[in-house]
Amino acid sequence: MRVRTPHRRVPRPSGFAGLVAVAALLISATPAWAAAGDASAFGVKLDLSLLGSRATSVGPFAAAHSEDGPFTSTFKTVDVPGALSTGVLTTDSARDERSGGLAARASVVDVRVDLLAALTGSWSAEAVEAECSSTQDGLTGSARLVGLDAGTLRTPATEPAANTTVDVGALGVTVAELVLNEQVRNADGSLTVNALRLRLLDGVVGSLGSGDLVISSTTCGAAALPVPLASGAGLWIGVGALALVVLPVSYAATRRRAPEVV
111 MRVRTPHRRV PRPSGFAGLV AVAALLISAT PAWAAAGDAS AFGVKLDLSL LGSRATSVGP
171 FAAAHSEDGP FTSTFKTVDV PGALSTGVLT TDSARDERSG GLAARASVVD VRVDLLAALT
231 GSWSAEAVEA ECSSTQDGLT GSARLVGLDA GTLRTPATEP AANTTVDVGA LGVTVAELVL
291 NEQVRNADGS LTVNALRLRL LDGVVGSLGS GDLVISSTTC GAAALPVPLA SGAGLWIGVG
351 ALALVVLPVS YAATRRRAPE VV
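Those letters in the sequence shown? Residues 111 to 372, per the working numbering, in order.
1) According to DSSP, V154 sits in a beta bridge with which residue or residues?
2) Got a sec, what are the start and stop residues for the alpha helix (DSSP H) T230 sits in?
3) In the DSSP assignment, find the beta strand (DSSP E) that holds F185 and state where it starts and stops.
4) Please report how far the alpha carbon of A214 lies from the alpha carbon of A280, in whole angstroms.
5) In terms of DSSP beta bridges, what is V238 paired with?
6) Between L249 and F181, what straight-line distance do the alpha-carbon atoms span, to the nearest angstrom?
7) Taking 8 Å as the cut-off, decide whether the C-beta atoms of E239 and A271 are in contact.
8) What are the partner residues of A195, as DSSP defines its beta bridges?
9) Closest by CA to G169, which one among V154, L161 and H175?
10) Below 8 Å, how does it come out for the region 217-231 and the region 316-334: are there three or more Cβ pairs, yes or no?
11) Output needed for T245: all residues of its chain with C-beta closer than 6 Å, excluding positions within five of it in sequence on either side, in chain order.
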């Protein structure tokens, strides 16, 4: 009996070695979460410059952020004489670690806006709410204005359509815009929802000043992948799937390299 050894070949990495190499690559890869967006919210922000008055900039109050925190926030009250008063502000933001989804919500109760009282009378609302969410299917947002009384302006629906705009005029000239359920697609792909935004128009006849007032704002970025590829369950799912392919090939290659008995 003699043993015939196959012709010498250039060594090839075994299937197991390939599996280890790819696993190491997966471990060193940046987690999928790094490319994900995040969610944020705030209750009130005011940045105004009125003619004949000092500029006023306050807020954002009750800010929440899903990435850096705080995830939830509460602020007792906001009082800017001649412009705005509120009750409690509450916000929350969250990331679902299983699905990669994001959500944010903002609510301000007992709202009173006196900024344009000379033109329209005071505005009031029992609650001003905004929310947004992000899933693998995309971004959505909505707003609710419960018990809104807009003075002499047309009173909108409790759940207004996106970007509902009401012009505020003086002597036939539009000097301000009231935007309800304002939805803005940002350059980074995120969605911002402002439940109520009052913007003063500068540079027009009869202008009252410039700047804006935002009540209840949320922003949601793009959802992450459902499972982080290079960490936790995602890593083992990837390695396991690779093993199903590599190990049978490794076994077949080993059989081909076995000595032949004659």
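Built from N, CA and C at the ideal position, the CB exists for glycine as well. This structure is a prediction, so every number in the text was calculated from the model and none was measured.
Let me spell this out:
1) For V154, which the question treats as bridged, DSSP gives the partners F171 and I325.
2) In the DSSP assignment, T230 falls within the unbroken alpha helix (DSSP H) covering A227 to T230.
3) Counting along the chain, the beta strand (DSSP E) containing F185 begins and ends at T182 to F185.
4) Computed Cα separation, rounded: 37 Å.
5) As computed with DSSP, V238 is found in a beta bridge with V218 and L255.
6) C-alpha separation (whole angstroms): 20 Å.
7) Between E239 and A271, the CB-CB gap reaches or exceeds 8 Å.
8) The sequence shown places Ser at residue 195, rather than the Ala named in the question. Answer is D189 and R222, bridged to S195.
9) The shortest C-alpha separation from G169 is found at V154.
10) Counting Cβ pairs under 8 Å, three or more are found: they touch.
11) Closer than 6 Å at Cβ, skipping near neighbours: G211 and A333.
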